[in-house]
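So the protein sequences, as listed, match chains B and Z. Residue numbering for the first sequence follows the working numbering, beginning at 1 and increasing consecutively. Residue numbering for the second sequence follows the working numbering, beginning at 292 and increasing consecutively.
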Amino acid sequence: MAESLFTEQELARLRRLRLAGERVRASALRGERRSRQLGSGLEFGAYRPYSQGDDLRRVDWNVYGRLDQLFLKLFEAPGQLRLLLALDAAPTMDFGAHNKWLAAKRVLAALGLVAQATADRVLLTRYEDTAVQSFDAAGSEQAFLEAVSAMAISRAALPSAALRSALAARGRDTVLLAATDMQSKDGTLSLLSEARRFGVRAVVICLHADEELQPRLEGLTRLSPLAGDALKLRIDAPVLEAYRKEVEDYRRACQAAIRATGAGYIEMSSDVDVEPVVVELLRSGLLEGAR
Amino acid sequence: MLEFARGQFLWLFALVALFFVVFFLARRWKRATVTYGFIWQRVARRVRPPAWKRLLRLLLTLLVSSAMLSSAALYAAGLQPAAQNETPPLLLFIVIDNSPSMRAFSYTHSQTRQQMAQARARQLLNSLAPQDRACIVHWQLGRPVAGPFLKRGDAAGPAPRTDYALAQTEELAGCFAAVGLPPHFRPAPEAVRAVWLLTDDPPALKSAEAPARLERVAPAARWKSLGGLPGVVETFGEAGENAGFIEAVFKPSPAGSDDRGLLTARLRGQGKAEALYLAFKWDTMEKDARSFELPLKVPHDLDSDGLDLLVRSERDILTLDDFIRVPLPRSPIRRILILRPKGEEPNPLLREGMELLLPGRRIEEREAVAGEGAESDLVVMDRVAAQPRARALLCFGALPPELGEVEPAREAKAGLFEARAQRPWLGFEVPNLQLLAGREAFPLRPGGGLTPLATHIEAGVLLAASTGERDVLYVGYSPRQSNFLFVPEGPTLLQRWLNALLSRESAWIPPLLPMSQTTEINAGAPMALEVCLDPDVGPGYAYGAESYSVMTGLDGRARLGPLEQPGLYRLLHQGRELARFSAYWVDESEQAAAFVPLPLLDEQALVPAAREPTWVDWFPEILLWVALLGLLLEWLLWLAGITD
Chain B
1 MAESLFTEQE LARLRRLRLA GERVRASALR GERRSRQLGS GLEFGAYRPY SQGDDLRRVD
61 WNVYGRLDQL FLKLFEAPGQ LRLLLALDAA PTMDFGAHNK WLAAKRVLAA LGLVAQATAD
121 RVLLTRYEDT AVQSFDAAGS EQAFLEAVSA MAISRAALPS AALRSALAAR GRDTVLLAAT
181 DMQSKDGTLS LLSEARRFGV RAVVICLHAD EELQPRLEGL TRLSPLAGDA LKLRIDAPVL
241 EAYRKEVEDY RRACQAAIRA TGAGYIEMSS DVDVEPVVVE LLRSGLLEGA R
Chain Z
292 MLEFARGQFL WLFALVALFF VVFFLARRWK RATVTYGFIW QRVARRVRPP AWKRLLRLLL
352 TLLVSSAMLS SAALYAAGLQ PAAQNETPPL LLFIVIDNSP SMRAFSYTHS QTRQQMAQAR
412 ARQLLNSLAP QDRACIVHWQ LGRPVAGPFL KRGDAAGPAP RTDYALAQTE ELAGCFAAVG
472 LPPHFRPAPE AVRAVWLLTD DPPALKSAEA PARLERVAPA ARWKSLGGLP GVVETFGEAG
532 ENAGFIEAVF KPSPAGSDDR GLLTARLRGQ GKAEALYLAF KWDTMEKDAR SFELPLKVPH
592 DLDSDGLDLL VRSERDILTL DDFIRVPLPR SPIRRILILR PKGEEPNPLL REGMELLLPG
652 RRIEEREAVA GEGAESDLVV MDRVAAQPRA RALLCFGALP PELGEVEPAR EAKAGLFEAR
712 AQRPWLGFEV PNLQLLAGRE AFPLRPGGGL TPLATHIEAG VLLAASTGER DVLYVGYSPR
772 QSNFLFVPEG PTLLQRWLNA LLSRESAWIP PLLPMSQTTE INAGAPMALE VCLDPDVGPG
832 YAYGAESYSV MTGLDGRARL GPLEQPGLYR LLHQGRELAR FSAYWVDESE QAAAFVPLPL
892 LDEQALVPAA REPTWVDWFP EILLWVALLG LLLEWLLWLA GITD
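The following block contains the structure:
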């Protein structure tokens with residue numbers, strides 16, 4: 001599964017980025033980093049499905065008794081950064097010759113891998129998922145990548161209660177990374193409002209495909225939007241120009257709305273490499289947690 | 292309103308709407324999957340006209356298309372029933388008068404009556420209803436002849452030739468009955484038969500009742516009975532004066548006279564007669580009288596043997612009787628001139644020989660002098676290449692340059708003639724020449740205008756001849772240095788040639804005679820004769836025989852005539868022309884070229900009256916107008932910015 005997200009060369013480059021992350025960690029032992037969250041020490045964080053290589057001592061046997069499924073019980077240590085990776089799985093994400101959905105998964109997976117290297121906890125979820133998957137530094141890279149790969153497009157939905165509770169749990173040590181195309185912006189903006197309320201730092205990676213900004217359409221066309229009603233239109237240069245202007249205005253408004261919530265905003269084309277984006281995020285210090 | 296479009300199928304223009312509808316239904320929308328659906332919706336709201344505008348335009352388009360298509364379909368389905376279907380078909384006999392007076396010229400219309408009648412026939416043909424037929428009738432040798440059935444738009448064909456025979460109008464009924472009915476004529480209702488006579492001077496006819504369908508064509512008084520059918524008469528031309536010959540007689544001069552004969556002519560109308568010698572304009576004579584006598588003094592060397600009689604008149608309307616060619620008989624041989632080389636003594640044998648062969652003629656003999664003209668009926672040239680003016684030439688060892696050249700003298704032994712060509716058209720037979728011999732023989736050089744008659748093995752062509760306007764006999768032997776005048780062959784040859792020459796002087800037939808007259812041919816002996824019309828002389832373009840075969844009786848006499856058309860005729864025997872004569876046309880009633888003016892009738896009334904149109908008839912046109920107005924409205928709405 002991991003091969004579908006990254007090639008071996010890309011994984012090699014990401015591992016080098018992990019080494020850079022480990023150097024950051026060398027300055028302080030796990031837990032020594034000052035946590036943004038005030039209060040208790042080791043405490044329950046979240047569950048995640050068991051995957052091969054996980055420590056069996058962390059399996060919650062009570063849950064296994066109830067559900068007949070293996071789940072790991074994850075605990076958060078004080079000063080540990082939680083990286084919450086939230087994916088907008090709206091149907092509009094599944095678009096473009098360079099698919100936006102794939103690009104979103106790639107960029108979040110890359111960031112998750114780097115975060116794992118810094119012994120931070122990585123939480124992974126789609127907006128509407130009822131459970132948040134958790135991966136810590138001890139977890140395998142393979143399990144994380146498979147979890148990301150397994151995510152699929154669903155219908156557009158508002159962020160679930162699980163996602164909100166994940167934000168509320170240890171808000172100040174949490175960094176929210178949301179990958180979306182902002183075409184159903186209400187969900188993202190409400191998520192960002194929640195994050196702000198709980199003091200969670202947030203960054204929105206706004207994806208777009210080239211065909212969306214520069215559609216190559218002409219003549220009598222029956223348009224079938226991935227979300228919304230179909231319509232017939234005779235497309236010519238003035239129509240295209242009007243469309244481009246509308247899209248530009250919309251994206252500008254989204255950017256302003258995101259920045260108004262205090263969140264970071266990164267615009268990314270689905271056809272660009274994820275590595276520069278990861279590097280930019282690392283340089284921005286977003287993954288430095290309570291530093 | 293749009294009736295003109297029906298015939299030319301212009302209404303098929305409405306099928307343009309079909310193309311429009313097909314295009315409208317066949318247009319294809321490309322499918323495209325997009326995101327930002329709400330933005331596309333917003334853009335569409337902005338760029339697309341509102342629904343009511345689109346609906347309005349669609350409705351207009353559908354209205355225009357359906358109106359045009361409906362109109363086309365209605366036209367194609369024949370919603371407008373033709374009014375003609377309810378009326379009986381018409382079989383119209385168009386009788387064209389082609390008598391000589393129809394060749395009279397109208398100075399007002401710059402056409403002959405015949406041409407105007409022909410044009411009118413074309414008009415009538417084009418005025419027929421589609422189911423009607425016409426049949427053009429004209430006269431040949433006085434009898435009516437019907438042409439093929441014609442329908443509207445067919446060509447009327449060329450104008451009929453002139454028929455000099457008197458028209459037998461009583462035979463029209465038989466002609467109409469024999470014609471029958473055209474193919475594909477519907478049995479019911481029964482066809483209407485009518486006659487339309489195109490002439491210049493209508494005959495007296497009984498009144499007739501107008502056929503039911505043709506009442507609008509002419510007032511009741513104009514309907515006459517023609518060949519048992521109701522008919523109308525139209526006349527063409529204008530009244531005018533016709534000057535022309537009504538008599539021309541040629542009397543040959545008695546023997547011994549210097550004149551060739553006396554020409555007497557009589558004219559009708561006002562005009563001047565003019566006699567014009569063929570090829571001698573300076574001998575033109577004018578006679579300003581209605582009758583005259585013209586003594587003909589024709590030179591002996593006249594190359595052409597006739598003269599033309601013309602009538603000149605101001606605004607003469609008929610020219611058929613204005614011209615007569617008078618073929619003159621050959622001038623007789625009365626004088627003989629013998630030319631000998633300069634410095635030579637006269638040849639008594641030659642003179643005596645001519646006296647024996649042509650007794651009673653005046654014979655003159657002299658040396659040839661350069662530049663001095665030689666004129667006589669027969670000129671004998673003894674080794675002298677002069678250019679005499681004479682009807683006949685007998686040349687010994689020399690020729691006028693225009694007839695050919697001779698080679699230098701050589702010896703010609705007896706018994707070496709290899710061939711004697713017989714030329715029937717010369718009128719004489721070449722005798723046996725084997726005894727002829729001479730120390731001086733002048734062979735004929737090839738390429739001259741004479742026909743070789745006998746060839747000597749060593750010397751070449753020594754005997755040649757030609758006939759026609761001037762008779763020539765060439766003998767290659769010198770009269771002095773040969774035995775031509777001593778052995779019988781020479782004088783025999785001369786005798787036969789002169790006999791043929793003199794035979795053409797005889798009067799076979801009078802040179803002028805009216806074509807309706809019977810005349811006598813005197814051949815002198817039983818023989819088969821042929822009479823042929825010369826197509827190049829005379830009025831021509833007429834019906835009638837152009838050649839006749841005549842067999843004389845035992846006494847050599849035969850009767851010829853009446854002839855069927857005027858002109859110059861040749862009398863032939865075995866291809867040899869014996870005489871010419873002119874048959875001229877005289878018909879006092881036709882020459883008067885009478886004209887009775889009758890106003891032209893309304894040929895458009897030949898088409899049945901159309902019934903009153905109803906809305907059904909106008910419906911396709913109304914639909915077309917609706918379509919046109921719809922298009923206009925659509926354009927105006929677009930122009931006003933109401934629709935896009």
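Note that CB positions come from ideal geometry on N, CA and C, so glycine has one too.
According to DSSP, residues forming a beta bridge with residue i
i, result
"Z/GLU656", "Z/ILE629"
"Z/THR742", "Z/ALA756"
"Z/TRP926", "Answer is none; Z/TRP926 lacks a bridge partner."
"Z/HIS864", "Z/ARG867"
"B/LYS73", "B/TYR47"
"Z/SER838", "Z/CYS823"
"Z/CYS686", "Z/MET672, Z/TYR765"
"Z/ASN813", "Z/ARG848"
beta-carbon residue i near the ligand NAP non-hydrogen atom, thresh 8 Å
i, result
"Z/GLY866", "As for the ligand NAP, it is missing from this structure, which has no ligand bound."
Cross-chain neighbours of residue i in chain B, by beta carbon under 8 Å
i, result
"Z/TRP929", "Those within 8 Å of Z/TRP929 in chain B number zero; the least Cβ separation is about 16 Å."
"Z/THR283", "Here chain Z has residues from 292 to 935 only, and residue 283 of chain Z is not among them."
Within chain B, partners of residue i - CB distance below 9 Å
i, result
"Z/ARG318", "LEU220"
Residues that residue i contacts on chain Z, provided the C-beta gap is smaller than 7 Å
i, result
"B/GLN183", "THR326, TYR327"
"B/THR92", "THR326"
"B/TYR250", "ILE330"
"B/LYS105", "Result: empty, since nearest Cβ-Cβ is about 18 Å, beyond 7 Å."
Assigned exposure category for residue i - 16 Cβ within 10 Å defines buried
i, result
"B/SER184", "buried"
"B/GLU194", "buried"
"B/LYS105", "buried"
"Z/TRP343", "exposed"
"Z/LYS321", "exposed"
"Z/PHE527", "buried"
"Z/SER757", "buried"
"Z/HIS475", "exposed"
"B/GLY41", "Unreliable positioning characterises B/GLY41 in this predicted model, as indicated by a pLDDT of 43, which lies under 50. The coordinate reading is nonetheless provided below. Exposed, because fewer than 16 other Cβ atoms sit within 10 Å of the Cβ of B/GLY41."
"Z/LEU919", "exposed"
"Z/ALA849", "buried"
Distance, residue j Cα to residue i Cα
i, j, result
"Z/LEU649", "Z/LEU784", "14 Å"
"Z/ASP846", "Z/ALA798", "15 Å"
"Z/LEU928", "Z/THR352", "12 Å"
"Z/VAL675", "Z/ALA728", "21 Å"
"B/ALA28", "B/TYR265", "Below a pLDDT of 50, predicted positions are generally treated as unreliable, and B/ALA28, at 39, falls in that range; no measurement from the model is reported."
"Z/ALA446", "Z/GLN561", "40 Å"
"B/ARG34", "B/LEU223", "Low confidence applies to B/ARG34: its pLDDT is 41, below 50, so where it sits in the model is not reliable, and the reading given next is rough at best. Taking the straight line from one Cα to the other gives about 53 Å."
"B/ARG13", "Z/ARG337", "48 Å"
"Z/ARG775", "Z/ARG714", "This sequence places Phe at residue 775 of chain Z; Arg is not what is there. If I take the Cα positions, the gap works out to 22 Å."
"B/ARG25", "B/ARG252", "With a pLDDT of only 48 at B/ARG25, under 50, the local geometry of the prediction cannot be trusted, and no value is derived from it."
"B/ASP181", "B/VAL274", "16 Å"
"Z/ARG771", "Z/ARG557", "56 Å"
"B/GLU246", "B/LEU240", "10 Å"
Per-residue contacts from residue i into chain Z (C-beta, under 8 Å)
i, result
"B/LYS73", "By Cβ distance, chain Z contributes nothing, its closest Cβ being about 40 Å from B/LYS73, past 8 Å."
"B/SER224", "ARG322, ALA323, THR324, VAL325"
Partners in chain Z for residue i, counting only beta-carbon separations shorter than 9 Å
i, result
"B/TYR50", "Ordered by position in chain Z, no residue passes the 9 Å Cβ test against B/TYR50, which lies about 37 Å from the chain."
Inter-residue CB distance, residue i and residue j (contact presumed, cutoff 8 Å)
i, j, result
"B/VAL204", "B/ALA110", "Incorrect: roughly 16 Å between the Cβ atoms, too far for contact."
"Z/TRP331", "B/LEU17", "Wrong, their Cβ atoms sit about 39 Å apart, outside the cutoff."
"B/TYR81", "B/VAL200", "One point to set straight first is that residue 81 of chain B is Leu, not Tyr, in the sequence displayed. About 11 Å separates the two Cβ atoms, so there is no contact after all."
"Z/GLY522", "Z/VAL486", "3 Å"
"Z/PRO379", "Z/ALA509", "So it is not a contact: roughly 18 Å between Cβ atoms."
"Z/GLU698", "Z/PHE733", "7 Å"
"Z/LEU735", "Z/GLY695", "6 Å"
"Z/ALA745", "Z/ALA703", "That belief does not hold up - the Cβ atoms of Z/ALA745 and Z/ALA703 are roughly 11 Å apart, past 8 Å."
7 Å Cβ cut-off: residues of chain B touching residue i
i, result
"Z/ALA342", "Within chain B, no residue comes near Z/ALA342; the closest Cβ sits about 12 Å away, beyond 7 Å."
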